[in-house]
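Trainee: If you scroll down you'll find the structure; I have some questions about it.
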Amino acid sequence: MPQPAWEALDSDHRGLDERHPARQAKQPNAFVEGNSLVVDPVRQAFDPQLFRAHADLVLSKLQEHLSDSTIRGLRLHDPSDLSEAARALMDPGCDRADGLIASRLAAIVDLYVKTGIQVHSPGSVGRQFSGVVPLAGVIDFVSSVVSQPSSFYEAGQLPNVVERIMSEELGKLIGWTPGTFAMVTTSGGSLANLTALLAARNRRYPQFWDQGSPGRAHSGLRPAIAVGADAHYSVVRAAGIMGIGESQVLRLALDEAGRIRVESVRPVLAEARRRGLDVFCLVATMGSTSRGAFDPIGELARIARQHRIWLHVDGAHGASLLVSEQLRPRTGEVWEADSLVWDAHKMLFVPAPCTLLFYRREEDSRSAFRQKASYVFAEQPDIHSMLDNGDRNFECTKRPMIMGLWVVWALYGRTFFAQKIEAVCRVTEAAYELLRGEPDFEVLHRPESNILCFRHRPAQLPDADVHDLQREIRDRVRLRGKFFISKVDIDGVCALRVVLTNHDTTIEHFRMLLDEIRECAALVPA
Ligand SMILES: *Cc1c(COP(=O)(O)O)cnc(C)c1O
Numbered sequence: 000m001p002q003p004a005w006e007a008l009d010s011d012h013r014g015l016d017e018r019h020p021a022r023q024a025k026q027p028n029a030f031v032e033g034n035s036l037v038v039d040p041v042r043q044a045f046d047p048q049l050f051r052a053h054a055d056l057v058l059s060k061l062q063e064h065l066s067d068s069t070i071r072g073l074r075l076h077d078p079s080d081l082s083e084a085a086r087a088l089m090d091p092g093c094d095r096a097d098g099l100i101a102s103r104l105a106a107i108v109d110l111y112v113k114t115g116i117q118v119h120s121p122g123s124v125g126r127q128f129s130g131v132v133p134l135a136g137v138i139d140f141v142s143s144v145v146s147q148p149s150s151f152y153e154a155g156q157l158p159n160v161v162e163r164i165m166s167e168e169l170g171k172l173i174g175w176t177p178g179t180f181a182m183v184t185t186s187g188g189s190l191a192n193l194t195a196l197l198a199a200r201n202r203r204y205p206q207f208w209d210q211g212s213p214g215r216a217h218s219g220l221r222p223a224i225a226v227g228a229d230a231h232y233s234v235v236r237a238a239g240i241m242g243i244g245e246s247q248v249l250r251l252a253l254d255e256a257g258r259i260r261v262e263s264v265r266p267v268l269a270e271a272r273r274r275g276l277d278v279f280c281l282v283a284t285m286g287s288t289s290r291g292a293f294d295p296i297g298e299l300a301r302i303a304r305q306h307r308i309w310l311h312v313d314g315a316h317g318a319s320l321l322v323s324e325q326l327r328p329r330t331g332e333v334w335e336a337d338s339l340v341w342d343a344h345k346m347l348f349v350p351a352p353c354t355l356l357f358y359r360r361e362e363d364s365r366s367a368f369r370q371k372a373s374y375v376f377a378e379q380p381d382i383h384s385m386l387d388n389g390d391r392n393f394e395c396t397k398r399p400m401i402m403g404l405w406v407v408w409a410l411y412g413r414t415f416f417a418q419k420i421e422a423v424c425r426v427t428e429a430a431y432e433l434l435r436g437e438p439d440f441e442v443l444h445r446p447e448s449n450i451l452c453f454r455h456r457p458a459q460l461p462d463a464d465v466h467d468l469q470r471e472i473r474d475r476v477r478l479r480g481k482f483f484i485s486k487v488d489i490d491g492v493c494a495l496r497v498v499l500t501n502h503d504t505t506i507e508h509f510r511m512l513l514d515e516i517r518e519c520a521a522l523v524p525a
């Protein structure tokens with residue numbers, strides 16, 4: 000077996016004559032000091048050949064990882080053991096005598112990969128992020144090496160052009176006319192929710208940015224927002240950051256499927272008026288985090304318009320259904336939204352974070368941050384700086400997160416996404432049907448996407464114990480490591496929650512999960 004390239008490169012070739020051609024070729028990063036050859040650590044760290052060797056090593060590790068088709072969820076480690084293992088890898092003494100770092104690099108990658116949620120395994124059914132499309136990961140790697148932060152055209156030319164292209168591609172699916180709307184990328188749906196709420200607030204109260212909270216901002220009323228009772232916590236957090244105050248966040252009642260009850264909205268708005276509140280934004284959800292429920296956007300939009308309220312749609316999870324002709328009807332009249340959040344790192348399967356924030360009116364995209372900064376924002380936009388988006392984003396240095404999505408879209412096409420999304424929604428529907436036939440399980444809703452909540456209720460289990468049993472089951476299933484599932488309180492009682500994001504997870508795997516749950520439940524002391 001020839002020596003692997005990375006080992007040859009890592010070695011500092013001590014003892015070789017300094018004029019030795021092999022050393023000259025392989026060690027441009029070394030200099031002679033006395034009788035020995037000393038490696039210049041800075042030059043070595045940037046050595047392209049060494050880069051290639053390390054990349055090859057990592058790629059072969061990842062290929063091995065992706066080829067492992069065993070059913071596994073997560074191996075949870077004691078944090079102090081893990082910390083000890085990590086510290087041991089910092090010790091150069093554990094390298095081989097000739098100073099190789101490749102063996103440590105290999106051990107680090109192993110440790111990193113093995114301690115993660117096994118997102119590419121059919122056993123990983125607990126979270127909204129999935130195994131990424133490997134090609135998108137490869138492009139992310141390129142982004143990391145060539146560093147093109149994308150808030151300004153000059154620093155990330157292709158990412159900025161591609162953002163426009165993806166905006167047009169996906170805007171068409173929303174139902175908007177090219178040239179009339181805008182899209183920015185943000186690091187995550189939470190930041191996108193905050194950004195959209197800021198835009199809504201500044202539109203309603205144009206003086207707010209300069210003068211700060213006027214207290215009773217609008218016709219003597221206090222600013223408030225209305226959200227579904229199940230809204231993601233980042234929405235309420237955004238209200239906190241903006242100084243709206245939690246008591247000005249009005250919670251709208253949900254139906255049994257977890258959707259906002261349309262008939263509850265007008266009374267809440269009327270009550271808000273009586274309390275001296277001015278509701279400037281209504282937040283609806285497409286694909287709620289707990290149940291994957293889709294709020295009735297069209298009806299909410301009509302109420303919002305009547306009351307001159309901004310309609311923000313948090314589609315972090317569910318907007319991706321727009322890509323599938325078969326599933327897009329579930330998104331309703333999404334084109335009525337004033338702003339829409341869409342996490343591509345959830346159901347478009349690209350590396351996190353990659354979030355798209357859409358505004359129905361182009362000019363609203365400039366509403367969130369009303370600042371001037373001479374060192375970055377152009378006074379007289381030219382054809383280049385016109386594509387800057389630093390003025391529309393919280394982030395200054397920002398990952399060129401669109402690249403992975405664009406490349407997968409360009410090379411595999413929309414059909415790839417549609418088929419994967421349809422597959423995971425189909426198996427979730429099958430899981431629902433299966434659960435309905437199991438007398439020791441209670442299924443809590445018909446799935447609208449790939450999220451499903453249910454409870455295990457063995458015969459003779461007292462109602463009072465249902466909550467604790469689900470918690471116990473979740474922890475035990477996770478600890479056994481075969482499946483990774485999550486939990487959520489529904490109407491105050493804990494439920495088991497699965498998010499099926501892996502196209503390899505079949506109904507047979509789900510059947511195995513139910514058996515695993517039964518076994519775990521049987522082990523819980525009464
Ligand atoms: C996941 C999620 C968020 C948060 O998005 P991040 O990208 O995790 O910051 C917001 N809203 C909904 C409905 C979500 O499912």
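Taken in order, the sequence shown gives residues 0 to 525; the numbers are from numbering that gives the first Met the number 0.
For glycine and all other residues, C-beta sits at the position ideal for the given N, C-alpha and C.
This one's a predicted model, so the numbers in the text were calculated from it and none came from an experiment.
Could you check where the alpha helix (DSSP H) with residue 402 kicks off and where it finishes?
Mentor: Along the sequence shown, one-based indexing puts residue 402 at 403. Residues 401–435.
Trainee: Hey, quick one: how far does the alpha helix (DSSP H) through residue 251 stretch, first residue to last?
Mentor: Taking the sequence shown and counting its residues from 1, the one referred to as residue 251 is at position 252. Residue 251 -> not in any alpha helix (DSSP H); beta strand (DSSP E) instead, spanning 248–251.
Trainee: Taking the C-alpha atoms as reference points, what is the distance between residue 280 and residue 60?
Mentor: Reading the sequence shown from its first residue, position 281 is the one you call residue 280. Reading the sequence shown from its first residue, position 61 is the one you call residue 60. About 48 Å.
Trainee: I think residue 314 touches residue 341, with their Cβ atoms under 8 Å apart; what is that distance to the nearest whole Å?
Mentor: The residue given as residue 314 occupies position 315 in the sequence shown. The residue given as residue 341 occupies position 342 in the sequence shown. The pair is a contact, with the Cβ atoms about 5 Å apart (cut-off 8 Å).
Trainee: When the Cα atoms are used, what is the spatial distance from residue 77 to residue 508?
Mentor: Within the sequence shown, numbered from 1, the residue matching residue 77 stands at position 78. Within the sequence shown, numbered from 1, the residue matching residue 508 stands at position 509. The alpha-carbon atoms of residue 77 and residue 508 are separated by roughly 28 Å.
Trainee: Determine the DSSP secondary structure at residue 355, reduced to helix, strand or coil.
Mentor: Start at 1 with the first residue of the sequence shown, and residue 355 comes out as number 356. Strand.
Trainee: With H, G and I counted as helix, E and B as strand and the rest as coil, what does DSSP make of residue 234?
Mentor: Numbered from 1 along the sequence shown, position 235 holds the residue referred to as residue 234. Residue 234: helix per DSSP, three-state reduction.
Trainee: Ligand 1 and residue 444: does the residue's C-beta get closer than 7 Å to at least one heavy atom of that ligand?
Mentor: Translated into the one-based positions of the sequence shown, residue 444 becomes position 445. Not under cutoff, so the answer is no.
Trainee: Where do the N-terminal and C-terminal ends of the alpha helix (DSSP H) with residue 519 fall, by residue?
Mentor: Numbered from 1 along the sequence shown, position 520 holds the residue referred to as residue 519. From DSSP, the alpha helix (DSSP H) with residue 519 extends over 506–522.
Trainee: If we call anything under 8 Å between Cβ atoms a contact, is residue 230 one with residue 185?
Mentor: Here residue 230 corresponds to residue number 231 of the sequence shown, with the count starting at 1. Here residue 185 corresponds to residue number 186 of the sequence shown, with the count starting at 1. No, Cβ-Cβ distance for residue 230 and residue 185 is not below 8 Å.
Trainee: Residue 243 to residue 197, Cα distance in whole Å?
Mentor: Along the sequence shown, read from residue 1 onward, the residue named residue 243 stands at position 244. Along the sequence shown, read from residue 1 onward, the residue named residue 197 stands at position 198. So the two alpha carbons sit approximately 11 Å from each other.
Trainee: Does ligand 1 have a heavy atom nearer than 7 Å to the CB of residue 354?
Mentor: Residue 354 sits at position 355 when you count from the first residue of the sequence shown. At least one heavy atom of ligand 1 is nearer than 7 Å to the Cβ of residue 354, so yes.
Trainee: Once the 5 residues before and after residue 521 are set aside, which same chain residues still bring their CB inside 6 Å of it?
Mentor: Working through the sequence shown from its first residue, we reach residue 521 at position 522. Here the set comprises nothing.
Trainee: Would you say the beta carbon of residue 313 is closer than 7 Å to some non-hydrogen atom of ligand 1?
Mentor: Residue 313 sits at position 314 when you count from the first residue of the sequence shown. Yes, since a heavy atom of ligand 1 falls inside the 7 Å radius drawn around the Cβ of residue 313.
Trainee: Could you check which residue in 212, 88, 514, 366 has the C-alpha nearest to that of residue 181?
Mentor: As a position in the sequence shown, residue 181 is number 182, starting the count at 1. Taking only the C-alpha atoms, the option nearest residue 181 is 366.
Trainee: Report all residues from its chain with a CB closer than 8 Å to the CB of residue 436; omit the five preceding and five following residues, and keep chain order.
Mentor: Taking the first residue of the sequence shown as 1, we reach residue 436 at position 437. Answer for residue 436: no residue qualifies.
Trainee: Using CA atoms only, rank isn't needed, just tell me which of 460, 117, 352, 424 is closest to residue 441.
Mentor: Counted from its first residue, the sequence shown places residue 441 at position 442. Cα-wise, what sits closest to residue 441 is 460.
Trainee: Which same chain residues end up closer than 7 Å to residue 71 when comparing Cβ atoms and leaving out the 5 residues on each side of it in sequence?
Mentor: In the sequence shown, the residue the question calls residue 71 occupies position 72. Around residue 71: 117, 120, 122, 480, 481.
Trainee: For residue 95, which residues of its own chain have a beta-carbon under 7 Å away from its beta-carbon, when the five flanking residues on both sides are left out?
Mentor: Reading the sequence shown from its first residue, position 96 is the one you call residue 95. Note that residue 95 scores a pLDDT of 48, beneath 50, so its modelled location is shaky; the value from the coordinates is reported in the next line. Same-chain partners within the cutoff: 102.
Trainee: Mapping DSSP to helix, strand and coil, what is residue 21?
Mentor: Residue numbering aside, residue 21 sits at position 22 when the sequence shown is read from its first letter. Model confidence at residue 21 stands at a pLDDT of 43, short of 50, so the residue's coordinates are unreliable and nothing is read from them.
Trainee: Is residue 449 close to ligand 2? I mean its beta-carbon at under 7 Å from any heavy atom of the ligand.
Mentor: Only ligand 1 can be found as ligands here, which leaves ligand 2 out of the picture.
Trainee: Please list, in chain order, all residues of the same chain as residue 424 whose beta carbon is under 7 Å from its beta carbon, the five residues on each side excluded.
Mentor: Here the question's residue 424 lines up with position 425 in the sequence shown. Once the five neighbours on either side are set aside, the close Cβ partners of residue 424 are 326, 448, 449.
Trainee: What would DSSP say about residue 132, mapped onto helix, strand or coil?
Mentor: Sequence index remark: in the sequence shown, residue 132 carries index 133 (1-based). Reduced to three states, the DSSP call for residue 132 is coil.
Trainee: Under the three-state reduction of DSSP, which class applies to residue 453: helix, strand or coil?
Mentor: Within the sequence shown, the letter at position 454 stands for residue 453. The answer is strand: DSSP assigns residue 453 an E or B state.
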